[in-house]
Amino acid sequence: MERYLNRFDKIAPVYDFIASIVFCGAIRRAQETHLNEIPANAKVLVLGGGSGKWMGRMFQLNPGCTVCFIEASSRMLTLAKKNNSKHSQQIEFIHGTHLDIPVVQFDVVVTHFFLDMFSDDNMIDLIAQIKQRMRENGIWLVADFVNGRWWLNLLLLVMYSFFRLVGAIDAMKLPGWQSAIKDCGFFVVQSKHFFGGFISCQSFKVSS
Numbered sequence: 140m141e142r143y144l145n146r147f148d149k150i151a152p153v154y155d156f157i158a159s160i161v162f163c164g165a166i167r168r169a170q171e172t173h174l175n176e177i178p179a180n181a182k183v184l185v186l187g188g189g190s191g192k193w194m195g196r197m198f199q200l201n202p203g204c205t206v207c208f209i210e211a212s213s214r215m216l217t218l219a220k221k222n223n224s225k226h227s228q229q230i231e232f233i234h235g236t237h238l239d240i241p242v243v244q245f246d247v248v249v250t251h252f253f254l255d256m257f258s259d260d261n262m263i264d265l266i267a268q269i270k271q272r273m274r275e276n277g278i279w280l281v282a283d284f285v286n287g288r289w290w291l292n293l294l295l296l297v298m299y300s301f302f303r304l305v306g307a308i309d310a311m312k313l314p315g316w317q318s319a320i321k322d323c324g325f326f327v328v329q330s331k332h333f334f335g336g337f338i339s340c341q342s343f344k345v346s347s
């Protein structure tokens, strides 16, 4: 598991700033989309939560929820703890990866800009892990990049090249996460797009 840890440490202090400049605040708006779907007092699993700034809005909407926050970057985890110090009693912070999900059931799973780090080959196994940890009628909130216009695809290429250069990821292209999720038995509840359709925010439930 060690090879997956701390790969975003180099850029953790500037990640949010760069994202806000490049995407004109669309990343933050995407992270806060569909948070109103989280049930009262829900048990929430956050995978790859980054600096966790967006969780302030989640606790504002749902002050009774509890969170298992898993992040592979120790520096990102430190930022997340600082940004959510008011709610520290409601959050279990774990320095780890998707391989460290506790063996419990969650009402809600949140993966914001997390799936784009995986290859198509690994996507099905990841989704199966997530599905196994969701309660019946559980909700999965996803915000991530999708292929779009040529200039957006060019931006995507630049992004992947940069993150590979700094050693943050191994993936070389965006996986087909939307179709993979549907193929694993989920259906879309709500959908919204930002930044010219480049960022997709969707909430999923398991088909009955």
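In our numbering, each residue carries its 1-based index in the sequence shown increased by 139. Glycine residues also receive a C-beta, built at the ideal position from the N, C-alpha and C atoms.
Distance from the CA atom of G324 to the CA atom of G189, rounded to whole angstroms, is 27 Å. Nearest C-alpha to R168 among K331, H237, F253: K331. DSSP, read as helix, strand or coil, puts D148 in coil. A straight-line Cα-Cα distance of about 17 Å links D255 and A165.
Taken in chain order, the unbroken stretches of alpha helix (DSSP H) that lie wholly in the stretch 199–252 and span 4 residues or more are 213–222.
Contact check between the stretch 201–215 and the stretch 147–164: three or more CB pairs, one atom from each, fall below 8 Å, which counts as touching.
In the structure shown, W279 falls within a strand segment according to DSSP collapsed to helix, strand and coil. In the three-state DSSP reduction, I263 falls in the helix class (H, G or I). Contact between the stretch 180–187 and the stretch 239–246 is present: 3 or more CB-CB pairs across the two stretches fall below 8 Å. Rounded to whole angstroms, the separation of the alpha carbons of M273 and V281 is 14 Å. Residue state for K182 is assigned as strand, using DSSP reduced to three classes. As the crow flies, the alpha-carbon of L304 is around 35 Å from that of V242. Boundaries for K321: no beta strand (DSSP E) harbours it, while the alpha helix (DSSP H) harbouring it runs 316–322, taken from the DSSP string. Taking all protein chains in view, the Cβ of L293 is surrounded by fewer than 16 other Cβ atoms within 10 Å, so the residue is classified as exposed. If you draw a straight line from the Cα of K344 to the Cα of E176, it comes to about 11 Å.
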